Amino acid sequence: MSKSLLKKIDPLFKAYGEFPLPYLVPVYHCVSDQDLPHIKNIINYKNTKDFESDLDYISRNFDFADWDFFKDNYNKPKKKTLALLTFDDGLIQFKDEVMPILLRKGIYAINFINPAFVDNSDMMFRSKISLLVEKINDEKSIIPKQAMDLFEVKTNSKSELISKIISLTYKSNHRIIELGKLMNLDFGDYIRNNKIYLDKNDLKIVQQKGFGIASHSWDHPNFTELTLEEQSNNIQKSFKYIKENGFSDESFAFPFTDFGIKQKFFEEIFANNKNLKLTFGTAGIKLDSCERNLQRIPMENGISAEKEINFETNYFYLKKIFNKNKIIRL
Numbered sequence: 001m002s003k004s005l006l007k008k009i010d011p012l013f014k015a016y017g018e019f020p021l022p023y024l025v026p027v028y029h030c031v032s033d034q035d036l037p038h039i040k041n042i043i044n045y046k047n048t049k050d051f052e053s054d055l056d057y058i059s060r061n062f063d064f065a066d067w068d069f070f071k072d073n074y075n076k077p078k079k080k081t082l083a084l085l086t087f088d089d090g091l092i093q094f095k096d097e098v099m100p101i102l103l104r105k106g107i108y109a110i111n112f113i114n115p116a117f118v119d120n121s122d123m124m125f126r127s128k129i130s131l132l133v134e135k136i137n138d139e140k141s142i143i144p145k146q147a148m149d150l151f152e153v154k155t156n157s158k159s160e161l162i163s164k165i166i167s168l169t170y171k172s173n174h175r176i177i178e179l180g181k182l183m184n185l186d187f188g189d190y191i192r193n194n195k196i197y198l199d200k201n202d203l204k205i206v207q208q209k210g211f212g213i214a215s216h217s218w219d220h221p222n223f224t225e226l227t228l229e230e231q232s233n234n235i236q237k238s239f240k241y242i243k244e245n246g247f248s249d250e251s252f253a254f255p256f257t258d259f260g261i262k263q264k265f266f267e268e269i270f271a272n273n274k275n276l277k278l279t280f281g282t283a284g285i286k287l288d289s290c291e292r293n294l295q296r297i298p299m300e301n302g303i304s305a306e307k308e309i310n311f312e313t314n315y316f317y318l319k320k321i322f323n324k325n326k327i328i329r330l
């Protein structure tokens with residue numbers, strides 16, 4: 001039975017065992033009370049009220065820590081499990097909507113950014129897909145035949161076209177741009193009129209307020225699409241930016257997922273970056289044969305933090321029965 005199907009079974013939202021790890025690392029991308037067309041069709045982001053409820057639950061059951069304390073104590077026994085709050089992609093909503101909440105509550109967070117987008121001259125390919133979905137779903141929008149032909153949609157079905165573009169990958173960016181032109185969607189114009197990412201000045205403000213800034217790769221590829229050399233070059237390019245601008249090179253969070261990443265990659269990244277302490281994936285509550293690669297819990301699945309954490313706890317113990325609760329790197 002799949003993880004997504006199990007999550008629909010309400011009884012599993014009650015935890016049937018203690019939290020199994022000495023650390024909790026939740027990950028969000030965006031929190032906002034605004035309608036964000038470049039995000040809404042790819043990320044089920046929470047509003048500020050639901051986010052605060054998540055924080056309150058985690059605060060009652062875990063100890064939020066800053067990076068300096070977490071990196072030295074995450075794997076040590078303690079009375080209360082440590083929690084490290086993380087955000088991916090460096091979106092402007094962190095500064096405008098999230099940071100005031102965290103400052104009020106005294107909670108630290110680390111932001112994993114893609115330097116390619118810091119100057120807001122481009123956006124991640126998935127954001128372009130979200131804008132395309134928004135355009136296609138517009139009742140007034142007429143889909144040109146060339147667009148249907150481009151994706152071999154023979155039924156003239158908007159839903160079929162959407163399903164095909166949602167599945168596009170990092171290396172399909174040229175097709176995304178081509179479809180945008182066919183749909184009269186100017187991505188550059190959207191960026192000029194809608195600030196998407198934290199710029200360098202924003203990042204400095206966030207840092208000065210006590211929050212962390214670290215690498216999420218250069219431009220958010222899916223690493224499974226890249227060769228080992230491409231993976232290494234992408235990361236090293238991002239670390240160069242991070243170090244040149246005085247941000248933290250002690251951690252790295254994989255874009256999308258670390259599924260399928262080989263042991264040799266981890267050996268190289270830690271060897272080439274002496275300050276690097278930990279890397280992070282997004283597989284939920286799971287052990288890893290690379291002990292310095294910690295898995296995070298994605299929190300944008302339409303349920304509360306309590307339900308998400310309880311489900312992941314139960315799923316961990318279920319997988320443990322079959323000896324499947326640990327990722328083995330080859």
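In my numbering, the protein residues as written are 1 to 330.
Ideal Cβ positions, reconstructed from N, Cα and C, are used throughout, including at glycine.
The structure displayed is predicted, hence computed values, not measured ones.
| Item | Value |
| --- | --- |
| Per DSSP, the bridge partner or partners of Leu-24 | Ala-83 |
| Span separating the alpha-carbon of Thr-257 from that of Ile-297 | 12 Å |
| Alpha carbon of Leu-185 to alpha carbon of Lys-135, nearest angstrom | 8 Å |
| Secondary structure, alpha helix (DSSP H): runs of 4+ residues fully inside the region 131-187 | 145-150, 158-166, 173-182 |
| Cβ-based burial, His-38 [other Cβ within 10 Å; buried from 16] | buried |
| Euclidean distance between Cα positions of Leu-294 and Trp-67 | 14 Å |
| Buried versus exposed call for Gly-284 [16 or more other C-beta atoms within 10 Å across all chains shown] | buried |
| Proximity below 8 Å, CB of Asn-273 to CB of Asp-249 | yes |
| DSSP three-state assignment for Lys-7, whether helix, strand or coil | coil |
| Helix, strand or coil at Val-31 [DSSP, three-state] | strand |
| Uninterrupted alpha helix (DSSP H) stretches inside the region 39-127 (no shorter than 4 residues) | 48-61, 67-73, 99-105 |
| Whether Leu-182 touches Pro-144 by CB criterion (8 Å) | yes |
| Straight-line Cα distance separating Leu-161 from Ala-147 | 9 Å |
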